[in-house]
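So that you can map any letter, position 107 of the sequence shown is 431 in my numbering, and since no number is skipped, the others follow by simple counting.
As structure tokens, the structure follows; a few thoughts come after it.
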Amino acid sequence: MNKIKSVINNKEFVFLTDENVFSPQSIDKGTLAMLSQLELKSEDKVLDIGCGYGVVGVYCANIVGAHRVYMFDVDTRAVELSKINMELNGFYAENVIVSNGFKEITWKGFDIILSNPPYHENFSIPKEFIEKGFNRLNIGGKMYMVTKRKEWYKKKLIAIFGGVKIWELDGYFVFMAVKKSDRYAGKKYEKLKNEQKKQSKSI
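And the structure:
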């Protein structure tokens, strides 16, 4: 087991890790970049997708309280460590579960969703995170993601949310998209295009 002490946005935290989880020797720089741009209010309800050993969840619990932070990961060991690290930093880990994507997730009504998704060539995992995460956000809710790739995420977030803000920090891209409607933006555009095609045919 490894023990990491880290100051995140002027607050000190401690985390236990081991070699079987992502970034065991130090907190991932992408995660730190995302947290540096996060705007969080004390009343926000937060979902951490792919929580790893719990850095994002623990940080958010410090601001909104552990009862308003929900976390999941496909990796059983990561979830075990997330629970340990919540308690190590003074919080009760009541909403931390194992789930393969959203398969076991019934939670909804979030104000903030955060994810540092795994890198895969076919983008199937971030595609699910974005599409199903969108459906669990409140109107006005925000999704934050961090990756080393820009174009696919930019296009996907715009297609679903209708827009995205991007920061480039320390070799990473941090994305923030706001949910403005219950419908995917892309579907709205497709409907508009179809209506325009019908109108042009009838002329």
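Where a beta carbon is used, it is the ideal one built from N, C-alpha and C, also for glycine.
Small disclaimer: the values here were computed from a predicted structure and weren't measured.
- Task: Return the chain-ordered list of same chain residues with a C-beta closer than 8 Å to the C-beta of E336, the five sequence neighbours on each side being excluded.
- Result: Position 12 of the sequence shown, counted from the first residue, corresponds to residue 336. Once the five neighbours on either side are set aside, the close Cβ partners of E336 are K329 and S330.
- Output yes if chain C places a C-beta closer than 8 Å to the C-beta of E428; else output no. Given the protein chain composition of this structure (a single chain), no chain C is represented.
- Output the distance between the C-alpha atoms of D397 and V345, rounded to the nearest integer angstrom. Translated into positions along the sequence shown, residue 397 becomes position 73. Translated into positions along the sequence shown, residue 345 becomes position 21. Near 11 Å, if we compare the C-alpha coordinates of V345 and D397.
- If you draw a straight line from the alpha carbon of G381 to that of H391, how long is it in whole angstroms? If you number the sequence shown from 1, residue 381 lands on position 57. If you number the sequence shown from 1, residue 391 lands on position 67. So the two alpha carbons sit approximately 11 Å from each other.
- Query: Taking the alpha helix (DSSP H) that W476 falls in, what are its first and last residues?
  - Reply: Locating residue 476 in the sequence shown gives position 152, counting from the first residue. For W476, the enclosing alpha helix (DSSP H) has its first and last residue at E475 to F485.
- Query: Exposed or buried, N333, counting other C-beta atoms within 10 Å across all chains shown (16 or more means buried)?
  - Reply: Looking up residue 333 in the sequence shown gives position 9. By the neighbour-count criterion, in which 16 or more other beta carbons inside 10 Å mark a residue as buried, N333 falls on the exposed side.
- Alpha carbon to alpha carbon, what distance is there between W491 and F497? The residue labelled residue 497 in the question sits at position 173 within the sequence shown. The residue labelled residue 491 in the question sits at position 167 within the sequence shown. Going by the C-alpha atoms only, they are around 6 Å apart.
- Compare the Cα-Cα distances from I436 to each of R473, V338, V388 and P450 and report the closest residue. As a working note, residue 436 is residue 112 in the sequence shown. Taking the Cα of I436 as reference, the smallest distance to any Cα among R473, V338, V388 and P450 is reached at V388.
- Option in V403, W476 and N409 with minimal Cα separation from I421: Numbered from 1 along the sequence shown, position 97 holds the residue referred to as residue 421. When each option's Cα is compared against that of I421, the closest is V403.
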